[in-house]
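In our numbering, the protein residues as written are -3 to 416.
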């Protein structure tokens, strides 16, 4: 794309313009949503991965860097990133942190004027090896009929869940507060049905925004909606329970989150944190358009939401990736809009427009789209972040083709609202 393109969002009066720019290539490791926050007068970014992973190995890439401007933070060299003090992994079967974590969203406590009190929502992946099944509690993962994973038959699939950590020093050190959302072992989709090489179930890749007295967590949902068995599995039943879902947790419960969140049940936020909710209907891809069950590996679904409040449009904006095949392959990025400020009123948290494609690169795999503020005087003065944006933003995403994996920005995005 060499010319600016205007894309209608499907919401009357709201469109976006993609303006090509000189490519910016981020110089460090990214494998998640790019969480950003202003800590005092420094714009801080939190990419990377930390912890044990039997398939990929121990990771110590969860780091942070900052700058006086957005561009300065994103221009940091790998050696300039700081490794925070993280809670250690504990042995299987003992309380504590298990598996690897990625920080996907960082929420700042507005009562702390210094900006140093942070809550990181993390994506946490485990295997039967790191989180073995405990029949006494029903927690953990049974290893029987476990499907193969991302590196082929010699590997196994991970199960994601979502937790919270806190920092009181702007991200220099973190304390684990526990699991916020998870799916139980009985709902995992095993062999011989599962052939996606990705996840057998679970919840992950969260993006969280505050509205009223709650934090609303948008996340990928991958499990079966009832206790799974190969004999009773049904493709349509599985597909109807999957895609992007939403739960909420009181802001007052972030320091002790386990059990406090409620998923959307179809009529209200009243499904348990580890129970079965209902995905956002408008974000499910119809069967006639290739949508279907995650476990099958050749049916389409959206994933990896990244949500922000747009102060110019006065509405919520969500970016999404799309899986087109097994191994997380997908060559497009999408955008959806929700015009309702109060996500807690009625079913407002469900009112997202049908996603529209904003980037298409055949032969590439595109992950982790993120809107980030610019260095305009307005954005800097307002201390905007990936969670709160204005008239313009910078679009970042991970672009993979063959052995080339880069986190880049090729576009500015202008948000357009017709005068009312």
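Beta carbons are placed, not taken as given, at the ideal position from N, Cα and C, and that holds for glycine. Just so it is clear, the structure is predicted and the values come from calculations on it, not from any experiment.
In the DSSP assignment, residue 367 falls within the beta strand (DSSP E) that extends over 361 to 368. Cα atoms of residue 88 and residue 181: separation of roughly 16 Å, rounded to the nearest angstrom.
When the Cα atoms are used, residue 24 and residue 227 turn out to be separated by approximately 46 Å. For residue 88, no alpha helix (DSSP H) segment is defined, and its DSSP state is neither H nor E. Nearest to residue 125 by alpha-carbon distance, out of 133, 101 and 94, is 94. Positions of the beta strand (DSSP E) runs, each at least 3 residues long and wholly inside the stretch 225 to 290, are given as 239 to 246, 258 to 260 and 265 to 267 in order along the chain.
The three-state secondary structure of residue 153, taken from DSSP, is coil. With distances taken between CA atoms, residue 300 lies nearest to 314 out of 314, 307, 79 and 343.
Boundaries of the beta strand (DSSP E) around residue 33: 32 to 35. Residue 80 is positioned such that its CB atom lies no closer than 9 Å to that of residue 173. Annotation for residue 411: no alpha helix (DSSP H) segment contains it, though the beta strand (DSSP E) segment containing it runs 400 to 413. Separation of residue 219 and residue 76 (C-alpha to C-alpha, rounded to the nearest whole angstrom) is 39 Å. Apart from sequence neighbours up to five positions away, the residues of its chain that approach residue 278 with a beta-carbon distance below 6 Å are 348 and 350, ordered along the chain. In the three-state DSSP reduction, residue 395 falls in the strand class (E or B).
Annotation: the continuous alpha helix (DSSP H) that includes residue 66 extends over 66 to 70.
The C-alpha of residue 98 lies about 18 Å from the C-alpha of residue 401.
In the pairwise beta carbon analysis, the stretch 180 to 198 is classified as touching the stretch 127 to 140: at least three pairs are separated by under 8 Å. The residue among 387, 143, 251 and 207 with its C-alpha nearest the C-alpha of residue 242 is 207. Boundaries of the beta strand (DSSP E) around residue 18: 10 to 21.
Per DSSP, residue 201 is one residue of the beta strand (DSSP E) stretching across 199 to 207. DSSP, read as helix, strand or coil, puts residue 99 in strand.
Counted as a single uninterrupted DSSP element, the stretch harbouring residue 374 is not any beta strand (DSSP E) but the alpha helix (DSSP H) occupying residues 373 to 378. DSSP places residue 349 in the coil class of the three-state scheme, outside both helix and strand. DSSP, reduced to helix, strand and coil, places residue 104 within a strand of the structure shown. Burial state of residue 318 is buried, judged by a 10 Å Cβ sphere holding 16 or more other Cβ atoms. Closest by C-alpha distance to residue 92, out of 6, 370, 160 and 256, is 160.
Of the candidates 379, 20, 14 and 265, the residue whose Cα lies closest to the Cα of residue 71 is 20. Under the DSSP assignment, residue 217 falls in the beta strand (DSSP E) whose first and last residues are 210 to 217.
Taking C-beta separations shorter than 7 Å and ignoring five residues to either side along the sequence, the partners of residue 384 in its chain run 304, 305 and 307, following chain order. Counting other Cβ atoms within 10 Å of its Cβ, residue 187 stays below 16 and is therefore classed as exposed. Per DSSP, reduced to three states, the secondary structure at residue 24 is coil, with no helix or strand assignment. Classified as buried, residue 210 has 16 or more neighbouring CB atoms from the shown chains inside 10 Å of its CB. When the five nearest sequence neighbours on each side are left out, the beta carbons in the same chain lying within less than 7 Å of the beta carbon of residue 251 are those of 162 and 173, in order along the chain. Counting along the chain, residue 387 sits inside no beta strand (DSSP E), nor does DSSP assign it H or E at all. Annotation: residue 405 to residue 331 spans about 16 Å, alpha carbon to alpha carbon. Annotated three-state conformation of residue 181 is helix, per DSSP.
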